[in-house]
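Peer 1: Let me give you the structure first, and then I'll get to my questions.
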Amino acid sequence: MTSLTIRRPDDWHLHLRDCAMLKAVLPETTRHFARAIIMPNLVPPIVTAAEAADYRDRILSAKPRGSKFQPLMTLYLTEDTDVRDLRAAAEIGLIHAVKLYPAGATTNSSSGVRDFTKVKRVLENMAQIGLPLCVHGEVTDPEIDIFDREAVFIDRVLDPIRRDIPDLKVVMEHITTKDGADYAREGGDKLGATITTHHLVINRNHILVGGIKPHYYCLPVAKREEHRLALRKAATSGDPSYFLGTDSAPHTDANKLLPCGCAGCFTATNTMSILAEVFEQEGALNQLERFASLNGPAFYGLPANDETLTLTKGDPVAHPDRIETDDGPVTVFDPQMPLHWHVSE
Ligand code: NCD
Ligand code: ZN
2 MTSLTIRRPD
12 DWHLHLRDCA
22 MLKAVLPETT
32 RHFARAIIMP
42 NLVPPIVTAA
52 EAADYRDRIL
62 SAKPRGSKFQ
72 PLMTLYLTED
82 TDVRDLRAAA
92 EIGLIHAVKL
102 YPAGATTNSS
112 SGVRDFTKVK
122 RVLENMAQIG
132 LPLCVHGEVT
142 DPEIDIFDRE
152 AVFIDRVLDP
162 IRRDIPDLKV
172 VMEHITTKDG
182 ADYAREGGDK
192 LGATITTHHL
202 VINRNHILVG
212 GIKPHYYCLP
222 VAKREEHRLA
232 LRKAATSGDP
242 SYFLGTDSAP
252 HTDANKLLPC
262 GCAGCFTATN
272 TMSILAEVFE
282 QEGALNQLER
292 FASLNGPAFY
302 GLPANDETLT
312 LTKGDPVAHP
322 DRIETDDGPV
332 TVFDPQMPLH
342 WHVSE
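Under the working numbering, the residue at position 130 of the sequence shown is numbered 131, and the numbers go up by one with no gaps.
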C-alpha cells in the first residue's frame with residue numbers, strides 16, 4: 002500500500018497551553034486534526050464553565066485562518082467543583098469531559114483530587130448526564146514505585162469508583178501498561194482508553210540507556226518493552242476501547258533541560274507520520290482509521306469527521322527538530338526511525 006485515505010483524525014488528549022505557546026503549537030495540531038479534547042491543566046487550572054468558555058475563545062482566536070478545528074473543552078475536577086456549573090456547561094455543549102488528576106500526579110496537578118469521596122456527588126451527576134471522566138491513572142503514594150503507579154491506581158482507585166458508579170463513562174488517559182490495556186478492553190462500553198503516539202515508540206530504555214534523555218520523559222513514564230508491545234497490539238487491534246490521545250505536551254527546551262525537568266513529549270507535529278509507520282510495522286494500516294478517527298468519536302457520542310486525510314508513502318519525511326515559540330524552542334519528539342508517510346495537508 003502506498004497511499005491511505007482515512008477520515009480526518011481527532012486528538013482525544015491534547016495540551017495547548019496559553020498565550021505565546023498556544024499560538025505556536027496550535028497550528029501543529031490543526032494541520033491534521035479536526036477536533037481535540039483540550040486538557041485543562043493551565044496555571045491556574047480551568048475549573049469553571051466561564052473559564053472554559055474564555056479559554057475556548059482564546060484557542061479559537063489563535064487558530065490559523067481558514068481552519069475549522071474544534072476545541073472540545075474540559076473542566077479540571079477539584080474537591081470544590083460546583084455541580085450546577087458543571088451540569089450547565091455540559092448541557093450547552095461547552096464541555097465534553099471532566100479531567101481527574103490525583104493531586105501531585107503530574108504537571109500542574111496540585112489542585113487535583115486528594116480525597117476521592119469528596120468528588121462522588123460530582124461523578125454521580127456526570128454519570129446521570131453521560132459526561133465522561135478522563136482519568137490520569139496514577140497513584141501518588143510515595144511508597145509506590147513510579148513504574149507501578151498505573152497498575153496500582155486501577156486496583157486502588159479506578160476499579161472501586163467504577164463499581165460504585167457503574168454508569169460513569171471513564172477514559173483511562175494515556176495508558177502505558179499491559180494492565181491498563183487489559184483493564185480497558187474488559188471494561189465494557191462505558192470504559193475507554195487513550196494511547197499516545199510516543200508510548201507506542203519508546204520504552205524506558207530509550208529514556209535511560211546511554212545517557213538521560215529529557216525529551217523522552219513524560220508522565221506516565223514509559224515502561225518496559227513488554228508493555229510497549231501490549232500497547233501496540235491494543236492500538237492496532239481495532240478494538241473500540243482504544244483511541245488516539247497524543248498527550249502532546251509542549252514545554253520549552255529550557256524547562257525540559259532543568260535539573261528538575263518538566264514531563265511531557267511534544268508530538269503534535271509528526272504524530273500522523275509516526276502512527277502510520279507504527280501501524281505499517283504491525284501490518285495493521287487498515288486499523289489506523291479506527292484508532293485515530295472512528296473509535297474516539299464513537300466513545301464520546303460524536304459523529305466521525307466527514308473530511309478525510311491522505312497519507313502517501315515516499316522518501317523519509319523531513320520534520321523539524323524543534324518549533325520556535327516566543328517562549329523559546331520546543332523540541333519535537335524524535336521517534337529514532339525514518340518516517341515514510343507524508344500527510345497531504
Ligand atoms: C502533561 C503536561 O505537561 O501537562 N505532561 C505529561 O508528561 N504528559 C501532563 C499529563 O498529561 O500528565
Ligand atoms: Zn496530558
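Beta carbons are placed, not taken as given, at the ideal position from N, Cα and C, and that holds for glycine.
How about residue 248: is its Cβ closer than 6 Å to a heavy atom in the ligand NCD?
Peer 2: Yes, the beta carbon of residue 248 sits closer than 6 Å to at least one heavy atom of the ligand NCD.
Peer 1: Here's a check: name, in chain order, each residue in its chain whose Cβ is nearer than 7 Å to the Cβ of residue 329, leaving out the five neighbours to either side.
Peer 2: Correct list, in chain order: 253, 254, 255.
Peer 1: Strictly by DSSP, which residues pair up with residue 103?
Peer 2: Paired residues: 114.
Peer 1: Can you determine whether any heavy atom of the ligand ZN sits closer than 6 Å to the C-beta of residue 40, and answer yes or no?
Peer 2: Yes, the ligand ZN has a heavy atom inside 6 Å of this Cβ.
Peer 1: Could you tell me how far apart the beta carbons of residue 148 and residue 222 are, in whole angstroms, since I believe they sit closer than 8 Å?
Peer 2: Yes, residue 148 and residue 222 are in contact; Cβ-Cβ is about 7 Å, under 8 Å.
Peer 1: Using the Cα positions of residue 116 and residue 80, report the straight-line distance between them to the nearest angstrom.
Peer 2: Answer to the nearest angstrom: the Cα atoms are 8 Å apart.
Peer 1: CB-CB under 6 Å to residue 4, same chain, minus the five flanking residues each way: which ones, in chain order?
Peer 2: If we look at residue 4 and ignore the five residues flanking it on each side, its Cβ neighbours are 313.
Peer 1: Go ahead and label residue 213 buried or exposed: buried means 16 or more other beta carbons lie within 10 angstroms of its beta carbon, across all protein chains shown.
Peer 2: Classification of residue 213: exposed, given that the 10 Å Cβ count is below 16.
Peer 1: Which residue marks the beginning of the beta strand (DSSP E) containing residue 134, and which one marks its end?
Peer 2: Note, residue 134: beta strand (DSSP E), 134-136.
Peer 1: Tell me which same chain residues have a C-beta within less than 7 Å of the C-beta of residue 65, skipping the five on either side of it?
Peer 2: Closer than 7 Å at Cβ, skipping near neighbours: 28, 31.
Peer 1: So the alpha helix (DSSP H) residue 58 belongs to, where does it begin and stop?
Peer 2: It spans 50-63 - the alpha helix (DSSP H) in which residue 58 sits, taken as one unbroken run.
Peer 1: Please find out if some non-hydrogen atom of the ligand NCD comes closer than 6 Å to the beta-carbon of residue 1.
Peer 2: The structure shown has nothing for residue 1, since the chain only spans 2 to 346.
Peer 1: Let me check one thing: in DSSP terms, what residues is residue 74 bridge-paired to?
Peer 2: Residue 74 is bridged to 96.
Peer 1: So for residue 31, helix, strand or coil by DSSP?
Peer 2: Three-state DSSP puts residue 31 in a helix.
Peer 1: Is it true that the CB of residue 97 sits closer than 7 Å to the CB of residue 250?
Peer 2: No. Outside cutoff.
Peer 1: State buried or exposed for residue 173, treating a residue as buried only when at least 16 other CB atoms are found within 10 Å of its CB.
Peer 2: Classification of residue 173: buried, given that the 10 Å Cβ count is 16 or more.
Peer 1: Tell me, please, which residues DSSP counts as bridged to residue 173.
Peer 2: Per DSSP, 136, 194.
Peer 1: Classify residue 261 as buried or exposed, calling it buried when 16 or more other Cβ atoms lie within 10 Å of its own Cβ.
Peer 2: Residue 261 comes out exposed.
Peer 1: What do you reckon, are the CB atoms on residue 310 and residue 7 nearer than 7 Å?
Peer 2: Contact flag set, yes.
Peer 1: Compute every distance between the C-beta of residue 107 and the non-hydrogen atoms of the ligand NCD, then say whether any falls below 6 Å.
Peer 2: Indeed, a heavy atom of the ligand NCD lies less than 6 Å from the Cβ.
Peer 1: Exposed or buried, which one is residue 127 when buried takes at least 16 other CB atoms within 10 Å?
Peer 2: With 16 or more other Cβ atoms within 10 Å, it is buried.
Peer 1: Just to confirm my understanding: we take residue 73, look at its own chain, exclude 5 residues before and 5 after, and list those with CB closer than 7 Å. What are they?
Peer 2: Counting only Cβ-Cβ distances below 7 Å, and skipping sequence neighbours, we find 36, 37, 38, 39, 97.
Peer 1: With DSSP run on the structure shown, which of helix, strand or coil describes residue 18?
Peer 2: Three-state result, residue 18: coil.
Peer 1: One question on the structure: do residue 273 and residue 344 come within less than 7 Å of each other, judged by their Cβ atoms?
Peer 2: Against a cut-off of 7 Å, the Cβ pair of residue 344 and residue 273 comes out as a contact.
Peer 1: I'd like to know whether the C-beta atoms of residue 295 and residue 285 end up nearer to each other than 7 Å.
Peer 2: The answer is no: Cβ separation not under 7 Å.
Peer 1: Which residues does DSSP pair with residue 39 in a beta bridge?
Peer 2: Beta-bridge pairing links residue 39 to 15.
Peer 1: Have a look at residue 86 and residue 112 and give me their C-alpha separation to the nearest angstrom.
Peer 2: Taking the straight line joining both Cα atoms gives about 18 Å.
Peer 1: Checking 7 Å against the spacing of the C-beta atoms, do residue 108 and residue 199 come in under that value?
Peer 2: It is not a contact, given that the beta carbons lie outside the stated cut-off.
Peer 1: Only counting the same chain, and skipping five residues up and downstream in sequence, which positions put a Cβ closer than 6 Å to that of residue 300?
Peer 2: Correct list, in chain order: 193.
Peer 1: Within 10 angstroms of its Cβ, does residue 195 collect 16 or more other Cβ (buried), or is it exposed?
Peer 2: Residue 195 should be labelled buried.
Peer 1: Could you pull out every unbroken alpha helix (DSSP H) segment of at least 4 residues lying fully inside the region 251-334, listed in chain order?
Peer 2: If we require 4 residues or more, the alpha helix (DSSP H) runs fully inside the region 251-334 come out as 254-257, 272-282, 296-301.
Peer 1: DSSP three-state call for residue 5: helix, strand or coil?
Peer 2: Looking at residue 5 - three-state DSSP - the assignment turns out to be strand.
Peer 1: Given a threshold of 16 other Cβ atoms within 10 Å of its Cβ, counted over all protein chains shown, does residue 47 qualify as buried or as exposed?
Peer 2: When all chains shown are included, residue 47 counts as buried.
Peer 1: Roughly how many whole angstroms lie between the Cα atoms of residue 84 and residue 20?
Peer 2: Cα-Cα distance, rounded: 29 Å.
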